[in-house]
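Written below as structure tokens is the structure these notes are about.
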Amino acid sequence: MDFELPSDLRELQATIRDFMLRRVEARAHEIEADNRVPQDLLREAAALGLFGLSIPEEYGGAGLNTLGRCAAYEALGQGHMGFGGVISAHASIGTGGLVRLGTPEQKARFLPRMASGECLAGFALTEPSSGSDAASIRTRAQKRGDTYVLNGTKHYISNAPIAGLLTVIAVTDPDQGTRGMSAFLVEPHATPGVSIGKIDEKMGQKGALSAEVIFQDAEVPAANLLGPEHQGYREALGILTAGRVGIAARATGAMARLLDLSVAHAQTREQFGQPIANFQAVQFMLAEMDIAVQTSRVLWQKVAWLADQGQDVRRMASVAKYHATEALSKVADQAVQVAGGMGYMKDSPIERFYRDQRLLRIYEGTSEIQKLIIARDLLA
1 MDFELPSDLR
11 ELQATIRDFM
21 LRRVEARAHE
31 IEADNRVPQD
41 LLREAAALGL
51 FGLSIPEEYG
61 GAGLNTLGRC
71 AAYEALGQGH
81 MGFGGVISAH
91 ASIGTGGLVR
101 LGTPEQKARF
111 LPRMASGECL
121 AGFALTEPSS
131 GSDAASIRTR
141 AQKRGDTYVL
151 NGTKHYISNA
161 PIAGLLTVIA
171 VTDPDQGTRG
181 MSAFLVEPHA
191 TPGVSIGKID
201 EKMGQKGALS
211 AEVIFQDAEV
221 PAANLLGPEH
231 QGYREALGIL
241 TAGRVGIAAR
251 ATGAMARLLD
261 LSVAHAQTRE
271 QFGQPIANFQ
281 AVQFMLAEMD
291 IAVQTSRVLW
301 QKVAWLADQG
311 QDVRRMASVA
321 KYHATEALSK
331 VADQAVQVAG
341 GMGYMKDSPI
351 ERFYRDQRLL
361 RIYEGTSEIQ
371 KLIIARDLLA
């Protein structure tokens, strides 16, 4: 076993980390105030190839395998989580289905623009009546000639306000349950009958915009069917599985950043005539934070490696996501505790991470859903 990342991935991580800490973090207050990622930062991200992490080289992307993508996501996690959310929603679940299932024509039409950042992507599964119970979605797609007519509402859809392409899961045969769902490529701002609701006001992850997507007799060409008809639910689960290991990597990066901030604060903050780093209570918290970073990193690397070997990682992806996101919640709380009152102030990155990280235990499968997946696989 070799736990050292290849040199090219270490260099990629260093480049992304430098961009996140030097360029994105410098604009964090602007992103928080405006709830928008500045376009110049998105252009810089595109120039670094961040929008094409999962897209094959023949279409202008980086063509990274799972290990490579997750290495990039860990570096993204060290900076503003809203900015990282825009990138990961596009490069992970927004792009994964098209790369894996798209026809040559579909790939040639969309992937080059997605790799360049011209066309951002999102994944539309969740509905007002179906979150964790994804099998109960109600959005319908009826075949009429050479089109499908979509009706229904998706909500909390990441990147929806700025996406040029959404992978939409809809029911094509209501009598077949989960076997009657299909996936479609929908251009939300160019398809009559598709409208975007108001931007969601979230606790954290500012700049990572989400909103409702409403379909009212929206006609989507049959050529935009992604993969086989009636296989949408199965493919959606596959897309989410791949996304979960990426979330574990992002959570690991966030923990590493919080640990760095906490160590620096502990070494410079003095109480009772000495740095607080001298106190065992603080040392214990720093040690626990490092344990969380190290164990989470080993987990996501293992799952990514297994995925690249073609193995079934459904259970292990859930293990990695659950462990890393739960650990991040504790690390964020400890970072606030080490920083004291400073960690509770709005101008502190620790305060921002504390708010932003909470979502990771909810989207792409809650912690409770991850435990169900793990247990059912063990019992199968």
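By the numbering used here, the letter at position 10 of the sequence shown is numbered 10, and the numbering carries on one by one without gaps. We put the beta carbon where it would ideally sit given N, CA and C, even for glycine.
- Assigned with DSSP and collapsed to three states, Thr-167 falls in strand.
- Judged by DSSP secondary structure, Phe-83 falls within the alpha helix (DSSP H) whose first and last residues are 81 to 91.
- Take Arg-297, set aside five residues on each side of it, and the residues of its chain with a beta-carbon closer than 7 Å to its own are Thr-252, in chain order.
- Setting aside the 5 residues that flank it on each side, Met-81 is surrounded in the same chain by Gln-205 and Asp-356, each with a C-beta closer than 6 Å to its C-beta; the list follows chain order.
- Under the criterion of beta carbons closer than 8 Å, Leu-120 and Gly-164 qualify as touching, at roughly 6 Å.
- Scanning its chain for C-beta atoms nearer than 6 Å, with the 5 sequence neighbours on each side dropped, one finds around Ala-135 the residues Thr-178, in chain order.
- Shown here, His-189 sits in coil according to DSSP, grouped into three states, outside any helix or strand.
- A check of alpha carbon separations from Met-114 across Gly-365, Glu-57 and Glu-127 identifies Glu-57 as the nearest.
- Under the 8 Å Cβ criterion, the segment 214 to 233 counts as touching the segment 147 to 154, having at least three qualifying pairs.
- The alpha-carbon of Gln-309 is positioned some 35 Å away from that of Pro-188.
- With fewer than 16 other CB atoms across the displayed protein chains lying within 10 angstroms of its CB, Tyr-344 is exposed.
- For the pair Pro-38 and Arg-109, the Cα-to-Cα distance works out to about 27 Å.
- Around the C-beta of Gly-340, fewer than 16 other C-beta atoms lie within 10 Å, and the residue is accordingly described as exposed.
- With contacts defined as CB atoms closer than 8 Å, Gly-97 and Glu-229 fail to qualify as a contacting pair.
- Boundaries of the alpha helix (DSSP H) around Ser-318: 314 to 339.
- Met-181 counts as buried, since no fewer than 16 other beta carbons sit within 10 angstroms of its beta carbon.
- Under the DSSP assignment, Ala-218 falls in the beta strand (DSSP E) whose first and last residues are 210 to 221.
- Nearest to Leu-42 by alpha-carbon distance, out of Leu-5, Gly-232 and Glu-118, is Glu-118.
- Restricted to the segment 103 to 190, the beta strand (DSSP E) segments that are unbroken, complete and at least 3 residues in length are 121 to 124, 140 to 144, 147 to 158, 165 to 171 and 181 to 186, listed in chain order.
- Rounded to whole angstroms, Leu-237 and Thr-15 show a C-alpha spacing of 32 Å.
- Lys-302: member of the alpha helix (DSSP H) spanning 280 to 308, first to last residue.
- Val-338 has its alpha-carbon roughly 8 Å from the corresponding atom of His-265.
- Considering only Gln-301, Lys-202 and Val-171, the residue with the shortest C-alpha distance to Leu-359 is Lys-202.
- Residue Met-289 holds the alpha-carbon nearest to the alpha-carbon of Asp-333 among Glu-44, Met-289, Ala-46 and Ala-71.
- Between Ile-162 and Ser-210, the gap from beta carbon to beta carbon reaches 8 Å or more.
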